[in-house]
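Structure first, then comments.
Protein chains: 2
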Amino acid sequence: MAGSPVMKEAFGNFKNVNKNVTSQHVARLAQVSQSAVSRAYTPGASVSTHTRQRVMDAARQLGYRPNAIARTLITKKSRMIAVVMSQLDNQFYPLVLEKLSQRLRSDGYHVLLFITSRDESDGVLAEILQYQVDAIVMASTVLSSALARDCARAGSPVILFNRMTKRAANEDHPPSAVTSDNEAGGRLAARHLHAGGHQRIAYIAGLEESSTNLDRERGFRDELALLGSRIHARAVGNYSYEGAQLAARQLFSSASQRPDAVFVGSDHMALAVMDVLRSELGLRVPQDVSVVGFDNVPQAAWGAYQLTTIEQSIGPMIEATATMLHALLHEGAQPSAVTVPCRLIVRTSSKTSAL
Amino acid sequence: MAGSPVMKEAFGNFKNVNKNVTSQHVARLAQVSQSAVSRAYTPGASVSTHTRQRVMDAARQLGYRPNAIARTLITKKSRMIAVVMSQLDNQFYPLVLEKLSQRLRSDGYHVLLFITSRDESDGVLAEILQYQVDAIVMASTVLSSALARDCARAGSPVILFNRMTKRAANEDHPPSAVTSDNEAGGRLAARHLHAGGHQRIAYIAGLEESSTNLDRERGFRDELALLGSRIHARAVGNYSYEGAQLAARQLFSSASQRPDAVFVGSDHMALAVMDVLRSELGLRVPQDVSVVGFDNVPQAAWGAYQLTTIEQSIGPMIEATATMLHALLHEGAQPSAVTVPCRLIVRTSSKTSAL
């Protein structure tokens, strides 16, 4: 592979990199302006293919390699985006991380990664700001509005992904956020389970105070009320596999008044619930209990689960994040919130009509 | 959360950050040397708790914030480690990423993340080297030995995680690598399935040319031979869920000479195989077919699968990587290879004795 044409192209006379060669030398040999050399090395900058090729050829001949770190000091742009994330055990987030980092890279950014526990996500920001990142994307974490504003003032605007901030009562400008329409998603789940003829519909919550959980539960509860039903029983799984196991045991261990359906705040938890129902309690899904999740992670489609779920559209969410970043960094846009629609994916873990 | 003591500590008079304040001002107010200020901000540097506290108090009073990027130019150390990874859909790698990034962070490094497709992992190196990272950790990717040497010469040594390089015949110094003892793992699987009394033992390979697959298959084949048995049938799943589905259909669709056991080159593939066997082909696991995987991802323990597997010990692998990084960067150590033992985890997807 070292000898492949691609690698020769990328590395050129790699062993002969000459630290005394500057972009001026390259410009002279390529017979282009120094600014053209700079643009040729700036992802997304306007430069013709022909000019870029001349620059790359000259750079290779001279052993020139641009220094991204030094450029940061000059341009005040690091072209680095910090991504703060927790909960990589929930398969939704590795997918987000994969697609987000690939998208940012294709936009010419690099990703400085911070995996945090839920509790320390605020504390990590002081560390991040030392690196003069152009922006910060925070996923699956809680952040106060005040802190988000502080970051923006320090030159690193924050975009919340799949979370809103806790709103302060007197808040004028909430920070940027990209979320699914979680409330509408909760309503979809309610209508689906009601149409399945269920009488005792339970809810297993994620993190009680997270915006995703608050919005999903509100939509679910309000729509059930509109349909003349209500949440029969409720437990909290805190978005973890183990938490959902406990919640399922709590809700389904007693035979009397056992729920005949459950809406679970995330797929990651819903898979745990199905495992407890079938492997521990000997219940059938969906004959004894219908299960509906939220996210549509790849495992939801696996043969062992075939989980009905509310899909979060990762593609459009990533696209909205990239567009928002561009607007914040290059167009002086104000913070804004984008909400992406969800949709119901029906599989065999839920009854589709009253039997 | 913004008002918590931790956040006040971390951010101090955050809104009053003064870009004209230098470490000299901080040193004067704190009555310590300028070098003590620098050490207070350098992860892992030797400085007393008392001195660090004086520095932090003075920095807060003055609104001082160190500039990590500028420090990079002075020290020639970015304290950034590039992590190159693909296959985040295989749950093994998000776990590795989480634990690796947390470990590197606790050692004072930051992680510059590159998620690549398998094919472009070499090409991404040219991009990485612009950032003057202190080192590169490559997981789940293939890299030629020659290229790894070039990176080391450019000042960014490479550690391969869970992969060896393709060895050249005349190679004197292979690059650094941390792997499981994949060959011994293959032997464990062979002994377990042989002890289960199986007569027609199949193998589903990962990527044919990957070192993990070559080593696991060699150990499996050689140990079966020692036991007087052999691989009855073989298919290739390329380490993907979809590839493993196809491989399982290919091996198990015919009723005659159908394998009665299968060793699958990764858990991610083994779960797909179990789904095909049970949901599509109506076969029972382990009564009709015993299944053994490799990795011990969290899903292997889930109720729906209960997969017998060969565990890769992520903790010791991360520890070995961190130790190796330290030796390469601070002790002038030569590249070396560390092999971490595997162990067999028996669950209910395989028969434990001949019936």
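The listed protein sequences derive, respectively, from chains B and S.
Numbers 1 to 355, taken from this note's numbering, label the letters of the first sequence in order.
Numbers 1001 to 1355, taken from this note's numbering, label the letters of the second sequence in order.
Quick reminder that beta carbons are idealized off the backbone N, C-alpha and C, glycines included.
Since this is a predicted model, take the numbers as computed values, not measurements.
Express the C-alpha separation of residue j and residue i in angstroms, rounding to a whole number.
i	j	result
residue 1170 of chain S	residue 1164 of chain S	Low confidence applies here, because residue 1170 of chain S scores a pLDDT of 47, under 50, leaving its location unreliable; read the following figure in that light. Roughly 16 Å separates the two Cα atoms.
residue 1335 of chain S	residue 1328 of chain S	7 Å
residue 1106 of chain S	residue 1325 of chain S	13 Å
residue 1181 of chain S	residue 1295 of chain S	12 Å
residue 1337 of chain S	residue 1319 of chain S	13 Å
residue 130 of chain B	residue 1115 of chain S	24 Å
residue 126 of chain B	residue 133 of chain B	12 Å
residue 168 of chain B	residue 1080 of chain S	Residue placement at residue 168 of chain B is poorly supported in this model, since its pLDDT is 47, which falls under 50; the coordinates are not used for a value here.
residue 353 of chain B	residue 1117 of chain S	43 Å
residue 1315 of chain S	residue 47 of chain B	47 Å
residue 1197 of chain S	residue 190 of chain B	50 Å
residue 59 of chain B	residue 35 of chain B	14 Å
residue 1056 of chain S	residue 82 of chain B	24 Å
residue 1032 of chain S	residue 1041 of chain S	14 Å
residue 1258 of chain S	residue 281 of chain B	33 Å
residue 1313 of chain S	residue 22 of chain B	47 Å
residue 39 of chain B	residue 26 of chain B	13 Å
residue 1304 of chain S	residue 286 of chain B	15 Å
residue 1230 of chain S	residue 1193 of chain S	11 Å
residue 283 of chain B	residue 1086 of chain S	38 Å
residue 1322 of chain S	residue 1049 of chain S	25 Å
residue 174 of chain B	residue 233 of chain B	34 Å
residue 289 of chain B	residue 248 of chain B	11 Å
residue 30 of chain B	residue 54 of chain B	5 Å
residue 1330 of chain S	residue 1339 of chain S	22 Å
residue 1273 of chain S	residue 1195 of chain S	22 Å
residue 345 of chain B	residue 84 of chain B	29 Å
residue 1109 of chain S	residue 1128 of chain S	16 Å
residue 212 of chain B	residue 28 of chain B	56 Å
residue 150 of chain B	residue 78 of chain B	19 Å
Residue i and residue j look like a contact to me (Cβ under 8 Å); what is the Cβ gap, rounded to whole Å?
i	j	result
residue 1187 of chain S	residue 1223 of chain S	4 Å
residue 202 of chain B	residue 251 of chain B	5 Å
residue 378 of chain B	residue 1111 of chain S	Because chain B in this structure spans residues 1 to 355, residue 378 of chain B falls outside the shown range and cannot be described.
residue 152 of chain B	residue 342 of chain B	Rounded, the Cβ-Cβ distance is 29 Å, inconsistent with contact.
residue 1204 of chain S	residue 1124 of chain S	Not quite, the Cβ-Cβ distance comes to about 29 Å (not below 8 Å), so this is no contact.
residue 177 of chain B	residue 157 of chain B	Wrong, their Cβ atoms sit about 12 Å apart, outside the cutoff.
Check whether the Cβ of residue i lies closer than 8 Å to any Cβ atom in chain S.
i	result
residue 305 of chain B	yes
residue 264 of chain B	no
residue 110 of chain B	yes
residue 46 of chain B	no
residue 279 of chain B	yes
residue 207 of chain B	no
Any beta-carbon of chain B closer than 8 Å to the one on residue i?
i	result
residue 1286 of chain S	no
residue 1298 of chain S	yes
residue 1062 of chain S	no
residue 1115 of chain S	yes
residue 1131 of chain S	yes
residue 1163 of chain S	no
residue 1170 of chain S	Interpretation of residue 1170 of chain S is limited by its pLDDT of 47, a score under 50 that renders its predicted location unreliable; the figure taken from the coordinates is listed afterwards. No - not a single Cβ of chain B is within 8 Å of the one on residue 1170 of chain S.
Just to check, is the beta-carbon of residue i closer than 7 Å to a non-hydrogen atom of the ligand MG?
i	result
residue 124 of chain B	What this structure holds is no ligand at all, so the ligand MG is not there to describe.
Is any beta-carbon of chain C found at less than 8 Å from that of residue i?
i	result
residue 1049 of chain S	Among the chains of the structure shown, chain C does not appear; the protein chains present are B and S.
Determine which residues of the region 1085-1105 of chain S have a Cβ less than 8 Å from any Cβ of chain B, and write them out in chain order. Against chain B - using a Cβ distance shorter than 8 Å - the residues of the region 1085-1105 of chain S are 1088, 1089, 1091, 1093, 1094, 1095, 1097, 1098, 1101, 1102, 1105.
Are the region 1213-1223 of chain S and the region 1244-1261 of chain S touching by the rule of at least three beta carbon pairs closer than 8 Å? Pairwise C-beta distances place the region 1213-1223 of chain S out of contact with the region 1244-1261 of chain S, as fewer than three of them are shorter than 8 Å.
When the Cβ atoms of the region 1230-1239 of chain S are set against those of the region 1201-1208 of chain S, are three or more pairs found closer than 8 Å? The answer is yes - the region 1201-1208 of chain S touches the region 1230-1239 of chain S, with three or more Cβ pairs under 8 Å.
Three Cβ pairs or more, each shorter than 8 Å: is that satisfied between the region 1344-1353 of chain S and the region 1289-1305 of chain S? The region 1344-1353 of chain S is in contact with the region 1289-1305 of chain S.
Any C-beta of chain S within less than 9 Å: which residues of the region 252-276 of chain B qualify? Along the region 252-276 of chain B, the positions whose C-beta sits under 9 Å from a C-beta of chain S are 271, 272, 274, 275, 276, read in chain order.
Short-range partners of chain S found in the region 307-327 of chain B, where Cβ spacing is below 8 Å: Answer in chain order: no residues at all.
Members of the region 1219-1244 of chain S near chain B, C-beta cut-off 7 Å: Hits within the stretch: zero.
Pairing CB atoms from the region 1307-1321 of chain S with CB atoms from the region 1263-1273 of chain S, are three or more of them under 8 Å? The region 1307-1321 of chain S vs the region 1263-1273 of chain S: in contact.
Is the region 1272-1290 of chain S close to the region 1094-1114 of chain S, with three or more CB pairs under 8 Å? Contact fails: fewer than three Cβ-Cβ distances are below 8 Å.
Segment contact, 8 Å Cβ cut-off, at least three pairs: the region 1129-1140 of chain S with the region 1154-1162 of chain S: Contact between the region 1129-1140 of chain S and the region 1154-1162 of chain S is present, because at least three Cβ pairs lie under 8 Å.
Check whether the region 82-90 of chain B touches the region 50-64 of chain B, counting contact only when three or more Cβ pairs, one atom from each stretch, lie closer than 8 Å. Not touching, per the Cβ criterion.
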